[in-house]
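Worksheet: the structure to be examined is printed underneath.
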Amino acid sequence: MSATKIRFLGELEGSLSAQAITAALEARAVSQAEEADLVVITPAALEDMLEDAAATAAFHSTRNQESVPAELADRLIAGNNPVKVWREHRGLSQRALAAQAGLNFTYLSQIETGARRGSINTMKKLAQVLGVDLDDLT
Numbered sequence: 251m252s253a254t255k256i257r258f259l260g261e262l263e264g265s266l267s268a269q270a271i272t273a274a275l276e277a278r279a280v281s282q283a284e285e286a287d288l289v290v291i292t293p294a295a296l297e298d299m300l301e302d303a304a305a306t307a308a309f310h311s312t313r314n315q316e317s318v319p320a321e322l323a324d325r326l327i328a329g330n331n332p333v334k335v336w337r338e339h340r341g342l343s344q345r346a347l348a349a350q351a352g353l354n355f356t357y358l359s360q361i362e363t364g365a366r367r368g369s370i371n372t373m374k375k376l377a378q379v380l381g382v383d384l385d386d387l388t
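Those letters in the sequence shown? Residues 251 to 388, by our numbering.
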C-alpha cells in the first residue's frame, strides 16, 4: 500500500512542522505538480488565496464595464453637472445631445446649468443617449 500523499501550502512547506506531520501520518510530501490526497494550509495562506479569488472575481465581473478617465471622475466628485460632464466626455454638443434625446435644446441647457431639473423620463432619455445608467446622471 502506498503512503498518503500530502501537500503543504504557506509557511508550513518544508518546515519542521510539515516533517512532523508527514511522519505522524506516515505520509509522503508531494510538490504542487503532483496530486495530493491531503492538503494542509496555514490560515495566512488560505487568506491570501481567498483574497486572490475575490480580486479575480471582481475583475471578471467588471471587465466589460467602461473605464473613465480620472478627470471625468474628478469633475463628478467636484459636483459638476453629470449630464454636462458625460455629454462632453462623449464629444457631443448640447444641440446634438438634445436632438438625439428628442429634447428642446433650451431645456437641456437649463438642466445642465441647474436652472431646471429634468423629469425622470427626460433623464432616462439622456442616460440612454449618453450610454450610462440613470443613476450616473442623478
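Using N, Cα and C, we set each Cβ at its ideal position, and we do this for glycine too.
At what residues does the alpha helix (DSSP H) containing residue i begin and finish?
i, result
"Ala328", "No alpha helix (DSSP H) holds Ala328; DSSP gives it neither H nor E."
"Val445", "Within the shown structure, residues of the chain are numbered from 251 to 388, placing residue 445 beyond reach of any answer."
"Gln282", "Premise fails: Gln282 is in no alpha helix (DSSP H) and is neither H nor E."
Under the three-state reduction of DSSP, which class applies to residue i: helix, strand or coil?
i, result
"Ala253", "coil"
"Arg367", "coil"
"Val318", "coil"
"Leu259", "strand"
I'd like to check one pair, residue j with residue i: are the Cβ atoms closer than 8 Å?
i, j, result
"Gly260", "Ala305", "no"
"Gly368", "Leu376", "yes"
"Leu326", "Pro319", "no"
Does residue i pass the burial test, meaning 16 or more other C-beta atoms within 10 Å, or should it be called exposed?
i, result
"Met373", "buried"
"Ala270", "exposed"
"Ala323", "exposed"
How close, in whole Å, do the beta carbons of residue i and residue j come, if the pair is a contact with beta carbons under 8 Å?
i, j, result
"Ala279", "Ile256", "6 Å"
"Arg366", "Tyr357", "7 Å"
For the beta strand (DSSP E) containing residue i, name the first residue and the last one.
i, result
"Ala279", "Ala277 to Ala279"
"Leu288", "Leu288 to Ile291"
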